[in-house]
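Taken in order, the sequence shown gives residues -13 to 225; the numbers are from my numbering. Cβ coordinates follow ideal geometry from the N, Cα and C atoms, glycine included. Source: prediction; values computed, not measured.
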Amino acid sequence: MASEYTTGDHRAHFNRCIPWLPTISAQIFLLRHQVGYRHIDCSPQYGNQKEVHGPVRAKKGTKLSVENYLKPDIPATWQAMEKLYDSGKARAIGVSNFSCKKLEDLLNVARVPPAVNQVECHPVWQQGKLRKLCQSKGVHLSAYAPLGSPGSPGNDGPNVLSHPTVISIAKKLQKSPAQVALRWGIQMGQSVLPKSDNEVWTRENIDIFDWCIPEELMAKFYEIQQAWLHILTNYLLKA
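Take a look at the structure:
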């Protein structure tokens, strides 16, 4: 049974509510809806709009499930990008989150090779194999999350900025851990894209071009146990 609001609309009792569950799946939500749950705890900060809206509003008879993500035709897409390059509308074209296999497959069919491959890369996930491939093929490696995106949703892996090796090198050079992580990326030959809305950190992050990490300290980074932090996992093109 449901009571009514003063507006006349029905409200669900507490024993049939759906609380905020950050890991709730669309299937679980649909099951709860089918058995009678109607009180849904919603907020934009939960980020579960898709799981709430999709299962209920998806039309029966739809050929493809919302779980069947589009598999792009990469060669055809690249040909279209090459036309943009030929026309001068794009001065360079590149890819993002391409694994070694994806990149090699593309290079085998590309007339204009990608200028850049942007991927997650930082001292805790150094992309050694991919880096060597990019260097051998003349593809620039660009690093997003060069600081490991500490505090990002879903990031429960090692904290780059508190890693003992990074901290030790920072103390020896009298720099911040963030500066050391960024400078490591620069000396590895990649571009880095740090993000910060803090003025002090923003100024600090760009103060990395008039000093270097000595070779003996750079070698220490190879001793760091590697761990993919799965940043932006939903957008990865997996091999």
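GLN212 and GLN20 have their C-alpha atoms roughly 44 Å apart.
Close CB contacts of LYS157 within its chain, under the 7 Å cut and outside five residues either way in sequence, are absent. Every alpha helix (DSSP H) of 4 residues or more that sits fully in the region 157 to 181 is shown, in chain order, as 163 to 173. Cβ neighbours of TYR71 within its own chain (closer than 7 Å, five residues either side excluded): ILE79, VAL98. Residue range 126 to 130 is occupied by the beta strand (DSSP E) that includes SER128.
Across the set TRP187, ASP183, LEU133, HIS149, the C-alpha of LEU133 shows the shortest separation from the C-alpha of ILE172. In this structure SER122 does not touch GLN176 by the C-beta definition: roughly 15 Å separates them, more than the 8 Å allowed. In this structure, the beta-carbon distance from GLU209 to THR151 falls below 8 Å.
Short of 6 Å from the beta carbon of VAL125, and not among the five residues preceding or following it, lie these beta carbons of its own chain, in chain order: PRO100, ASN103. Comparing alpha-carbon positions, the option among LYS75, CYS120, ASN191 lying closest to LEU93 turns out to be CYS120. Secondary structure of ASN191 (DSSP, three-state): helix. In the same chain as LEU116, and ignoring 5 residues on each side of it, the C-beta atoms closer than 6 Å to its own belong to CYS86, in chain order. By alpha-carbon distance to PRO61, the top candidate from GLU90, LYS75, GLY74, ARG77 is GLU90. For the pair GLU185 and SER162, the Cα-to-Cα distance works out to about 15 Å. Comparing alpha carbon positions, the residue from SER154, GLN65, HIS149 closest to VAL81 is GLN65. Beta-carbon to beta-carbon, LEU168 and TYR130 are separated by about 12 Å, too far to satisfy the 8 Å threshold. Judged by beta-carbon spacing, ALA164 lies within the 8 Å limit of GLU190, meaning their Cβ atoms are closer than that value. Comparing alpha-carbon positions, the option among VAL166, ASP59, PRO136, ASN145 lying closest to SER182 turns out to be PRO136.
For TRP197, the closest C-alpha among the options LEU16, GLU68, ILE153, TRP170 is that of TRP170. Distances from the CA of ALA96 to each of GLN112, PRO109, GLU68 were compared; the closest alpha carbon is that of GLU68.
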